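*Asks:*
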Amino acid sequence: FENFSVRSITAIEENEQVLSEDTDGSPAQAFHFFLDNEQEQFSQEIRLTSNSDQSMRWIVGAYYFKEELSGATGPLFATPMGTMLVQSFADLDNTTYSAYGEMEYDTSDELTFKMGLRYSEDEIEGTTAALLAFENSLPGHDITSSLTNGTPLPSFQALRDTAVTNGIQVNTGGAVGRGPNRLIELGGPNDPDANLNGTSFDNWGGKLGVDWKPAEDTLIYAQWSKGFKAGRFNAAAMSIMNL
């Protein structure tokens with residue numbers, strides 16, 4: 006347009022990651038790490054920017070981000086009691102809304118004032134789970150073969166269902182299970198009081214600054230700024246078990 010420009014930035018991204026890693030770094034088959042997850046995200050940003058050479062320049066905009074992430078991760082260990090599995094699962098939705106504006110104003114050829122303001126809100130919801138189980142609690146699953154050969158593990162849901170069928174108790178609300186076999190689930194209908202069922206973070210940020218050019222090759226400036234980053238939930242197995 007005559008006095009301003011409109012820019013739209015749309016982005017779509019999908020990722021799939023599968024990892025089977027012999028982590029102990031020795032000839033022994035002692036520690037193997039697995040990761041299998043999928044992530045999809047979409048973002049949209051709209052900006053309005055002044056396009057004149059006047060003494061005042063500005064930009065205003067809005068931003069939206071949506072992410073869906075699911076997957077399992079964790080190691081297998083060789084122990085005197087048999088192969089031990091430590092796996093975590095996460096199914097999370099992250100949503101971000103943000104609006105911002107920034108302005109620069111030249112009071113003279115030497116002096117420029119700057120001001121900006123941004124508001125952001127992040128929403129997180131989903132479920133996580135952690136399973137610690139020895140192979141004798143998971144009949145029908147040859148996890149020792151996965152330890153020694155790196156063959157893919159069954160899905161977390163299959164391992165979880167087998168563990169429950171064979172007497173491993175389901176714990177919710179961050180309660181740590183007893184004994185060598187544990188299953189903890191956070192969020193979802195079985196854990197209605199979990200923060201993971203819906204947590205939001207919101208805050209504002211901004212900046213104030215001034216540029217002074219007393220000579221053609223000299224710039225003296227000062228700036229104050231405040232930023233914001235939302236919290237996150239750690240989906241590592243031992244983190245879940247120690248809540």
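In this note's numbering, the protein residues as written are 6 to 248.
Even for Gly, the Cβ is constructed at its ideal location relative to N, Cα and C.
The model shown is predicted, which means the values in this text are computed figures rather than measured ones.
Which residue from 99, 80, 101 puts its Cα closest to that of residue 91?
*Replies:* Position 86 of the sequence shown, counted from the start, is the residue given in the question as residue 91. Selected option, being the one with the closest Cα: 80.
*Asks:* Is residue 243 buried or exposed, if buried means 16 or more other CB atoms sit within 10 Å of its CB?
*Replies:* Taking the sequence shown and counting its residues from 1, the one referred to as residue 243 is at position 238. Here residue 243 is exposed: its Cβ has fewer than 16 other Cβ atoms, across all protein chains shown, within 10 Å.
*Asks:* Do three or more CB pairs link the region 107-114 to the region 61-69 at distances below 8 Å?
*Replies:* Cβ pair count under 8 Å is three or more, so yes.
*Asks:* Is it the case that the Cβ atoms of residue 30 and residue 122 are separated by a distance below 9 Å?
*Replies:* As a working note, residue 30 is residue 25 in the sequence shown. As a working note, residue 122 is residue 117 in the sequence shown. Not closer than 9 Å, so no.
*Asks:* Using a Cβ-Cβ cut-off of 7 Å (strictly less than) and excluding sequence neighbours within five positions of residue 241, which residues of its own chain qualify?
*Replies:* Indexing the sequence shown from 1 puts residue 241 at position 236. Counting only Cβ-Cβ distances below 7 Å, and skipping sequence neighbours, we find 93.
*Asks:* Are the Cβ atoms of residue 158 and residue 173 separated by less than 9 Å?
*Replies:* Indexing the sequence shown from 1 puts residue 158 at position 153. Indexing the sequence shown from 1 puts residue 173 at position 168. Contact: no.
*Asks:* Give, in chain order, every unbroken run of the alpha helix (DSSP H) that is at least 4 residues long and sits entirely within the region 64-132.
*Replies:* With a minimum length of 4 residues, no continuous alpha helix (DSSP H) run stays inside the region 64-132.
*Asks:* Could you give the residue range of the beta strand (DSSP E) that holds residue 162?
*Replies:* Locating residue 162 in the sequence shown gives position 157, counting from the first residue. Counting along the chain, residue 162 falls outside any beta strand (DSSP E), though it belongs to the alpha helix (DSSP H) covering 161-170.
*Asks:* Our contact map puts residue 214 next to residue 71 with C-beta atoms below 8 Å; I'd like the distance itself, whole angstroms only.
*Replies:* One-based indexing of the sequence shown puts residue 214 at position 209. One-based indexing of the sequence shown puts residue 71 at position 66. Not a contact, Cβ separation roughly 32 Å.
*Asks:* Tell me whether the beta-carbon of residue 20 lies closer than 9 Å to the beta-carbon of residue 43.
*Replies:* Position 15 of the sequence shown, counting from 1, holds the residue named residue 20. Position 38 of the sequence shown, counting from 1, holds the residue named residue 43. Contact flag set, yes.
*Asks:* If we call anything under 9 Å between Cβ atoms a contact, is residue 116 one with residue 212?
*Replies:* Counting from one through the sequence shown, the residue named residue 116 turns up at place 111. Counting from one through the sequence shown, the residue named residue 212 turns up at place 207. Not a contact, by the Cβ cut-off of 9 Å.
*Asks:* Can the beta-carbon of residue 99 be found less than 9 Å from the beta-carbon of residue 127?
*Replies:* Sequence index remark: in the sequence shown, residue 99 carries index 94 (1-based). Sequence index remark: in the sequence shown, residue 127 carries index 122 (1-based). The answer is yes: Cβ separation under 9 Å.
*Asks:* Could you tell me how far apart the beta carbons of residue 87 and residue 141 are, in whole angstroms, since I believe they sit closer than 8 Å?
*Replies:* Taking the first residue of the sequence shown as 1, we reach residue 87 at position 82. Taking the first residue of the sequence shown as 1, we reach residue 141 at position 136. With 8 Å as the limit, residue 87 and residue 141 qualify as a contact, their Cβ atoms being about 6 Å apart.
*Asks:* In the structure shown, what three-state DSSP assignment does residue 242 receive?
*Replies:* The sequence position of residue 242 within the sequence shown is 237, counting from 1. Three-state result, residue 242: helix.
*Asks:* Would a C-beta distance cut-off of 9 Å place residue 83 and residue 152 closer than the cut-off?
*Replies:* Position 78 of the sequence shown, counting from 1, holds the residue named residue 83. Position 147 of the sequence shown, counting from 1, holds the residue named residue 152. Going by C-beta atoms, residue 83 is nearer than 9 Å to residue 152.
*Asks:* Does DSSP classify residue 148 as helix, strand or coil?
*Replies:* Walking along the sequence shown from the start, residue 148 turns up at place 143. In the structure shown, residue 148 sits in a helix (DSSP, three-state: H, G or I).
*Asks:* Going by DSSP, what residue range makes up the beta strand (DSSP E) through residue 51?
*Replies:* Translated into positions along the sequence shown, residue 51 becomes position 46. Here the beta strand (DSSP E) through residue 51 covers 36-55.
*Asks:* For residue 191, write down the residues that DSSP places opposite it in a beta bridge.
*Replies:* Counted from its first residue, the sequence shown places residue 191 at position 186. The partner list for residue 191 (beta bridge, DSSP) reads 133.
*Asks:* Go through its chain and collect everything with a Cβ distance to residue 216's Cβ below 6 Å, but skip five positions before and after it.
*Replies:* As a working mapping, residue 216 is identified with position 211 in the sequence shown. If we look at residue 216 and ignore the five residues flanking it on each side, its Cβ neighbours are 117, 226.
*Asks:* With DSSP as the reference, identify every bridge partner of residue 208, one or two as the case may be.
*Replies:* Position 203 of the sequence shown, counted from the start, is the residue given in the question as residue 208. According to DSSP, residue 208 bridges with 125.
*Asks:* Where do the ends of the beta strand (DSSP E) carrying residue 17 lie?
*Replies:* Counting from 1 along the sequence shown, the entry for residue 17 is found at position 12. Where residue 17 is concerned, the enclosing beta strand (DSSP E) stretches over 9-27.
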